[in-house]
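Student:
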Amino acid sequence: MHVKPNHTFEPKIVAFVCTWCTYAGADLAGTARLQYPANTRVVKFPCTGRIDPVFILRAFQKGADGVLVSGCHPGDCHYMAGNFHARRRFAAFRALLDFIGVDLQRLQFSWVSAAEGGKWVEVATELTERVRALGPMREFKELEAQEQWSGAIDSPELQEAYEAVGNI
Amino acid sequence: MSRIGVFVCHCGENISRTVDVERVAAEAARLPGVAYATDYKYMCSDPGQNLLKNAVTEHRLDGIVVAACSPRMHEKTFRNAAKSAGLNPFLCEMANIREHCSWVHEDRDEATAKASDIVAMMVARVKKDKRLVPITVPVTKRSLVIGGGIAGIQAALDIADAGHQVVLVEREPSIGGHMAQLSETFPTLDCSQCIMTPKMVDVANHPNITLHTYSEIEAVDGYIGNFQITVRKKARSVIEEKCTGCGVCSAKCPQKKIPNTFDKNLGTRPAIYVPFPQAVPNTPVIDRANCTWFKTGKCGVCQKVCGPGAINYEQEDQLIVEPVGAIVVATGFELYSITEKPKGSPIKGYGEFGHGTIPDVIDGLTFERLASASGPTGGKILRPSDGKEPKQVVFVQCVGSRAREKGISYCSKICCMYTAKHTMLYKHKIHDGQAYVFFMDARTPGKSYDEFWRRAVEEEEAVYIRGMVSRLYQKGDKVVVMGSDISVGVQVEIEADLVVLATAVQPRAGADTLAQKLGISYDSYHFYSEAHAKLKPVECATAGIYLAGACQGPKDIPDTVSQASAAAAKVMTLFAKDELEREPIVAKVNEKNCVACLYCKKVCPYGAVEEKEIRDRQGNLIRVVAYVNPGVCGGCGTCQASCPSKSVELDGYTDEQIMAMIEAL
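In order, the protein sequence lines correspond to chains A and B. Position 30 of the first sequence, counted from 1, bears residue number 30 in full-length UniProt numbering, the numbering being contiguous throughout. Position 571 of the second sequence, counted from 1, bears residue number 571 in full-length UniProt numbering, the numbering being contiguous throughout.
1) Any idea which residues DSSP pairs tyrosine 522 of chain B with across the strands?
2) Work out the CA separation of glycine 66 of chain A and valine 123 of chain A for me, nearest whole Å.
3) Using only CA atoms, which one of B:Phe186, B:Ala160, B:Leu168 lies nearest to proline 207 of chain B?
4) Quick one: what's got a C-beta closer than 6 Å to leucine 107 of chain A's C-beta in the same chain, skipping five residues either side?
5) Classify proline 37 of chain A: buried if its beta carbon has 16 or more other beta carbons within 10 angstroms, exposed otherwise.
6) Take glycine 364 of chain B as the anchor and find which of B:Ile658, B:Ser385, B:Gln397, B:Gly351 has the nearest alpha-carbon.
7) Should glycine 149 of chain B and glycine 549 of chain B be called a contact, given that it needs their Cβ atoms to be closer than 8 Å?
8) Within its chain, find whatever has a CB closer than 8 Å to the CB of serine 448 of chain B; leave out the 5 residues flanking it on each side and keep chain order.
9) Work out the CA separation of glycine 634 of chain B and aspartate 76 of chain A for me, nearest whole Å.
10) According to a CB-to-CB cut-off of less than 7 Å, which residues of the stretch 19-39 of chain A neighbour chain B?
11) Return the CA-CA distance between proline 46 of chain A and leucine 158 of chain A, expressed in angstroms with no decimal places.
12) Using 8 Å for Cβ pairs, my map puts valine 589 of chain B next to tyrosine 627 of chain B. What's the rounded Cβ distance?
13) Is there at least one Cβ from chain A nearer than 8 Å to proline 384 of chain B's Cβ?
14) Taking DSSP as the reference, what is the three-state secondary structure of lysine 406 of chain B?
15) Measuring only between beta-carbons, confirm whether proline 46 of chain A sits less than 8 Å from chain B.
16) When burial is assigned at 16 or more other CB atoms within 10 Å of the CB, is serine 45 of chain B buried or exposed?
17) Measure the CB-CB distance between arginine 236 of chain B and isoleucine 175 of chain B and report whether it falls below 8 Å.
18) Return helix, strand or coil for tryptophan 103 of chain B, following the three-state DSSP convention.
19) Near alanine 86 of chain A, which residues of its chain fall below 7 Å by C-beta distance, leaving aside the five closest residues on each side in sequence?
20) Pop quiz: alanine 151 of chain B and glutamine 563 of chain B are said to be a contact at Cβ under 8 Å. What is the actual Cβ separation, rounded to whole angstroms?
21) Which residues in chain A sit within 7 Å of proline 605 of chain B, going by Cβ to Cβ distance?
22) Would phenylalanine 438 of chain B and methionine 468 of chain B be called neighbours here (beta carbons separated by less than 8 Å)?
23) If you pair each beta-carbon of the stretch 103-116 of chain B with each one of the stretch 189-205 of chain B, do three or more pairs fall below 8 Å?
24) Rounded to whole angstroms, how far is the Cβ of valine 505 of chain B from the Cβ of proline 554 of chain B, which I believe are closer than 8 Å?
25) Note down the Cα distance separating proline 537 of chain B from threonine 444 of chain B, rounded to an integer number of angstroms.
26) Using a Cβ-Cβ cut-off of 8 Å, state whether alanine 92 of chain A counts as contacting chain B.
27) Buried or exposed, going by whether 16 or more other CB atoms sit within 10 Å of the CB of lysine 141 of chain A?
28) DSSP state of methionine 200 of chain B, grouped into three classes?
29) Would you kindly report the start and end of the unbroken alpha helix (DSSP H) that includes isoleucine 20 of chain B?
30) Compare the beta carbon distance of methionine 94 of chain B and methionine 661 of chain B with 8 Å and say whether it is the shorter of the two.
31) Which ranges would you report for the beta strand (DSSP E) in the stretch 15-88 of chain B if only whole runs of at least 3 residues count?
32) Between methionine 1 of chain A and the rest of its own chain, which residues show a CB-CB distance below 7 Å, the 5 nearest in sequence each way excluded?
33) Just to make sure I have the definition right: I need the residues of chain B whose C-beta is within less than 7 Å of the C-beta of histidine 73 of chain A. Which are they?
34) Does the stretch 596-610 of chain B come within contact of the stretch 631-647 of chain B, defined as at least 3 CB pairs closer than 8 Å?
35) Against glycine 66 of chain A, what residues of chain B qualify as contacts under a CB-to-CB distance less than 8 Å, listed in chain order?
36) So with Cβ pairs under 8 Å, would you call histidine 105 of chain B a contact of chain A?
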């Protein structure tokens with residue numbers, strides 16, 4: 001029985017999922033009437049391989065407090081190798097997010113197959129709880145406040161390179 | 001200016017119990033671009049669909065969102081309804097407010113809010129939807145079957161009997177596969193050759209079947225309905241058209257001591273040979289690695305004795321290109337080797353079992369050759385080391401199979417039954433002999449299978465010992481088998497004359513290379529993966545390619561034949577139409593932006609990306625861009641996410657559509 005918790009902050013979680021595995025897994029959770037927090041909003045992709053990291057940034061910018069990316073288990077991809085490309089892409093992207101100051105706990109990658117309704121519930125619940133504890137996503141706003149760069153190129157090397165490009 | 005219609009379904013009470021559907025519809029009506037929003041008890045019912053169709057014409061809608069169940073359930077239904085109302089079906093989207101909302105959230109306010117959000121996202125998306133037209137591709141009504149075992153033979157005959165051309169490619173000099181090697185088959189003890197060879201002859205004589213033996217698949221290009229395959233016909237050194245199959249060449253060949261692989265190295269054969277007397281085609285092949293002419297340039301006996309003059313030492317490999325519309329893969333299996341650890345085998349070896357050092361430890365197929373009337377001993381069961389009749393035989397099951405610690409977790413499925421069969425064959429031939437079987441479980445599901453196994457235990461008096469074997473070693477002319485009987489908790493030691501190991505069924509060596517050529521997926525053991533474990537068991541995820549037999553997983557003969565016929569039926573279904581229609585979810589390249597880095601080509605799992613040359617009117621090359629072949633494209637979108645210049649776009653999942661959904665949050 002799902003008891004409605006009394007929270008002041010309800011995080012918004014965006015889930016980018018692949019049609020074949022995780023979307024079907026979430027469907028299965030529904031068919032089995034497994035209950036989980038109502039914070040996730042699912043965006044369906046044909047494959048995790050289609051997910052551009054820009055979408056994740058955009059979701060954070062647009063008010064998501066947490067992002068979940070989930071697809072087929074390695075080796076099970078409907079498109080043979082899409083999820084491997086995704087895995088590699090996100091390994092690099094996570095490092096970048098960390099570098100720009102986004103708390104990596106807000107971004108979760110997982111593999112949920114079409115048969116794993118229970119795992120979908122687990123993943124969605126865990127991420128919701130974790131992000132709830134972290135509070136609203138403020139990193140981008142803070143970054144904006146910190147960012148004082150005027151747009152001027154200050155290093156001589158960059159200046160030189162800039163001029164070289166300008167002259168072409 | 002878009003005019004979107006939103007249709008919220010109650011799904012009886014399935015949705016309306018936890019989602020305030022009227023409120024969802026009312027909120028949807030206030031979304032920008034929404035011209036009409038309503039709710040209805042059963043949207044998918046006839047009246048529900050009519051409501052939708054009428055609304056499309058009445059309110060001149062140019063996009064609709066149906067908020068109901070999962071698109072996996074009814075997307076087709078509503079897209080068809082949209083189509084019959086004159087709307088492009090790809091301008092119809094579903095908001096999943098049942099599986100993803102009402103069924104998983106009990107709080108009415110939360111669920112309603114979430115449902116409204118989902119609807120808003122889909123409304124934003126549908127506004128960016130493009131009219132898409134299903135792609136039609138012509139079908140070449142010829143089929144390729146790879147592998148000439150019982151699976152390939154059955155599939156080829158079925159397709160050919162339906163009136164379509166079949167190209168059958170077999171790697172060995174003869175078709176027949178493993179089934180031709182078997183002595184008798186369970187559970188009826190039919191003689192394998194007797195039921196197999198007529199089918200082999202049918203294949204050779206069938207007017208619709210082109211048979212390429214001693215051939216391998218060199219390359220596969222194209223896509224469903226339009227494959228181009230290149231077959232490498234290896235040089236036999238024998239001209240097939242001239243050879244009469246008289247066999248004089250084999251009889252006169254001075255080189256006679258080459259281990260006969262068909263007989264599992266129990267006998268020998270000459271350098272020019274047919275694998276077995278009933279081979280199809282009955283054309284010999286020169287084993288160049290062992291032929292004196294090819295090694296030293298002297299001999300040439302076969303050429304001298306050949307009446308029709310069919311021997312040609314200068315023959316070269318031929319490359320044949322065949323256009324086909326569908327491919328059945330039936331490459332079969334091989335047994336995990338006990339004599340050598342095969343390259344790339346996931347099994348970590350059985351050092352404690354002697355691993356080929358003891359001559360009287362053999363595998364199941366070797367026993368089949370010993371028991372076969374056409375085998376090297378003429379059907380007498382004689383042990384390989386000294387040709388004596390073995391009076392005590394130990395059969396060991398699950399060697400390699402179901403042994404996670406050794407590297408294979410799956411059950412090889414056929415061993416329980418063939419070991420039971422072996423004990424019977426043994427007992428039928430050596431009446432005073434005793435068969436022991438070390439087993440962990442007996443797994444005999446199948447029609448008349450359990451009865452068969454019981455017969456082996458109860459009537460033929462095979463002694464089944466529940467437990468694993470820990471060690472095998474040679475002691476004089478005996479093989480001592482040490483194991484445990486866990487049902488009574490004692491150590492067992494048997495001095496056996498012959499030990500037969502039921503070794504794991506594995507895919508053919510090179511299964512991975514072929515899969516890469518075909519663009520199909522395989523599991524960690526290199527068994528080919530079906531598109532869906534339950535509902536698409538013979539299809540590959542790659543359209544137009546089907547699976548039959550043990551290349552997909554361990555299978556017995558009845559299962560293999562059933563699957564082969566199923567694959568053939570799928571091919572015939574495909575050939576029933578002149579043109580194929582497929583979802584237009586494919587990637588397109590924006591040629592203006594493309595810088596031809598071809599990163600998309602590197603990541604495309606289907607090999608759908610080609611280089612396209614753009615030329616001016618004089619035919620001068622201006623530049624190169626990427627081009628996605630819509631027939632080959634699977635629609636995963638990996639190219640789009642990887643494109644540094646954002647020049648590829650996947651129809652149905654464009655950046656605009658996805659961004660619109662994210663912005664609607």
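Cβ coordinates follow ideal geometry from the N, Cα and C atoms, glycine included.
Tutor: Judging by the given coordinates:
1) B:Tyr528
2) 12 Å
3) B:Ala160
4) Val67
5) buried
6) B:Gln397
7) yes
8) Pro187, Thr188
9) 15 Å
10) Ala24, Ala26, Asp27, Ala29, Gly30, Thr31, Arg33, Leu34, Gln35, Tyr36, Ala38
11) 41 Å
12) 6 Å
13) no
14) helix
15) yes
16) exposed
17) no
18) coil
19) Thr48, Gly49, Ile51, Gly71
20) 7 Å
21) Tyr79, Met80, Ala81, Gly82
22) yes
23) no
24) 4 Å
25) 21 Å
26) no
27) exposed
28) helix
29) It should be pointed out that residue 20 of chain B corresponds to aspartate in this sequence rather than to isoleucine. It is not in any alpha helix (DSSP H) - aspartate 20 of chain B carries neither H nor E in the DSSP assignment.
30) no
31) 34-40, 63-68
32) Per-residue confidence for methionine 1 of chain A stands at a pLDDT of 45, beneath the threshold of 50, marking its modelled position as unreliable; no derived number is given.
33) In chain order: nothing, as chain B lies at least about 11 Å away.
34) yes
35) None at all; the shortest Cβ gap to chain B is about 12 Å.
36) yes
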